[in-house]
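See structure below.
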Amino acid sequence: MGYDGRSCIYRALCEAPQRFSQKSNSLSEEFLRIFFKITHRHFHRFPLQPLSDDEPEEHGLYQRAYRTGRRRKQRSCSEMFPECPISLIDLALGNYGSYEET
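This is the structure we're talking about:
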C-alpha cells in the first residue's frame, strides 16, 4: 500500500477512544473495543500509566497518540497524523471500499 505504518498505528490509537468508547452493535466493533480496552476501569497499564525509565521512547509516542484521541481536541486524528491517509480501524471493520491505492 505504501503508507507510513507507524503513523497509521498512531492514528488508530488516536481514533480508538472516539470510536469504541461504548458497546457497539456489531461483533467486529465489539471485538476491537475489547482489544483496545477503552474504558479506564478495565485497563490500568497501557497507555494511561506513566512509562518506566527502561521503556523505549516509542511507547511514549503510542501513549501520546492514544491520549490525544481521549481528549477529543478540535483537530481530527486524520489531521493529527496526515502521513496516514487511511483508518486502520475502518479497514479492520471492512469499510475499505472508499480507499484507493496511491
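Numbers 10 to 111, taken from the working numbering, label the letters of the sequence shown in order.
Note that beta-carbon positions come from the ideal geometry of N, C-alpha and C, so glycine has one too.
Whole-angstrom C-beta distance between residue j and residue i, which should lie under 8 Å
i	j	result
F90	R28	Contact flag wrong, Cβ pair sits at about 15 Å.
T77	C23	5 Å
A25	I95	Incorrect: roughly 15 Å between the Cβ atoms, too far for contact.
Local Cβ density within 10 Å of residue i, reported as buried at 16 or more and exposed below that
i	result
H51	For H51, the predicted model reports a pLDDT of 43, less than 50, meaning its position is unreliable; a value from the coordinates is still stated below. The residue in question, H51, is exposed, as its Cβ has fewer than 16 Cβ neighbours within 10 Å.
C93	buried
Y75	buried
P65	exposed
P41	A quick correction: the sequence has Leu, not Pro, at residue 41. Buried is the call here.
I47	Note that I47 scores a pLDDT of 48, beneath 50, so its modelled location is shaky; the value from the coordinates is reported in the next line. Classification of I47: buried, given that the 10 Å Cβ count is 16 or more.
Residue range of the alpha helix (DSSP H) that includes residue i
i	result
S96	Note, S96: premise wrong, no alpha helix (DSSP H); not H, not E.
P65	Note, P65: premise wrong, no alpha helix (DSSP H); not H, not E.
G103	Counting along the chain, G103 falls outside any alpha helix (DSSP H), and DSSP gives it neither H nor E.
P26	G14 to R28
E88	C86 to M89
Beta-carbon spacing of residue i, residue j below 9 Å
i	j	result
E38	L100	no
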